[in-house]
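First comes the structure, then the notes that go with it.
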Ligand code: 5RP
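Residue numbers (the working numbering): 11 to 246.
In structure tokens:
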């Protein structure tokens, strides 16, 4: 089912973030994803809290998101304190017609996946250009790996059809380190990912792979912002 509505907003990501904030009800325990689209959602949520007095508790998926929530006055809890979440709001790098996702552009895929799996409902918010027919065609697939033996792990990842697994680096040229102390391999596929479910299963079997940025059966609703300020809502 697809519905469209007008949102008074200058950018597609902001439009999606504002629309997602409308799904929040007072008293909810929220899972809070990571990234620039989620940042717009948090701004819109904080505005609703101030104007309407709604109260929520958020479980953040990254240090960045926790810091932003603290700035905005959004109450936080850990997943240990709140193991069941009413609603999870997160971004994505790619979404396919089966509502499968590539995530991890911000490096938070491990906590994002754990939080999504704890969610009763998961809403994915995206700007334009992220819906794809085949995953892995517009974005590299992030795979979080242990630093121990990461070059050996990379060899095994490469065997699975990934022609180029790059070790993600910081601007300073050092390996990017996730909030969990791990590295990220960004994996390029020549013609995209032919069988996402199989690849997910195969990558997950490699010793040293901590998490794969393929999210399967973890998304109930997609809200996509468009350049004209409208949002399109896709219900799974
Ligand atoms: C972080 C993610 C983000 O949700 C994803 O990269 C989308 O980010 P943005 O909203 O900035 O486009 O998976 O690990």
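Each residue gets a CB set at the ideal place from its N, CA and C atoms; glycine is no exception.
For residue 141, DSSP records a beta bridge to 105.
Residue environment: residue 71 is assigned as buried (16 or more neighbouring CB atoms within 10 Å of its CB, all protein chains considered). Within the DSSP bridge table, the entry for residue 135 names 233 as partners.
Per the coordinates, the alpha-carbon of residue 232 lies some 11 Å from the alpha-carbon of residue 104. By the neighbour-count criterion, in which a residue is buried when 16 or more other Cβ atoms sit within 10 angstroms of its Cβ, residue 73 is exposed. The closest heavy atom of the ligand 5RP lies less than 7 Å from the beta carbon of residue 103. In terms of side-chain proximity, the C-beta atom of residue 118 is found nearer than 7 Å to a non-hydrogen atom of the ligand 5RP. A direct Cα-to-Cα measurement between residue 117 and residue 152 gives close to 8 Å.
DSSP places residue 174 within a strand segment (E or B) once states are collapsed to three.
Where residue 198 is concerned, the enclosing beta strand (DSSP E) starts and stops at 193 to 198.
Cβ contact annotation for residue 92 (same chain, cutoff 7 Å, sequence separation greater than five): 39, 67, 69, in chain order.
Less than 8 Å divides the Cβ of residue 64 from the Cβ of residue 34. If you draw a straight line from the Cα of residue 146 to the Cα of residue 102, it is about 12 Å long. Annotation for residue 245: no alpha helix (DSSP H) segment contains it, though the beta strand (DSSP E) segment containing it runs 240 to 245. Taking C-alpha positions only, residue 155 is separated from residue 216 by approximately 10 Å.
Runs of alpha helix (DSSP H) with 4 or more residues, each lying fully within the region 12 to 59, are found at 22 to 31, listed in chain order. Between residue 137 and residue 148, the alpha-carbon positions lie close to 14 Å from each other. Taking each of 61, 113, 213 in turn and checking the Cα distance to residue 48, the smallest one comes out for 113.
By alpha-carbon distance to residue 124, the top candidate from 211, 228, 160 is 228. Between residue 37 and residue 54, the C-beta spacing is not below 8 Å. Taking the Cα positions, residue 191 is about 20 Å away from residue 167.
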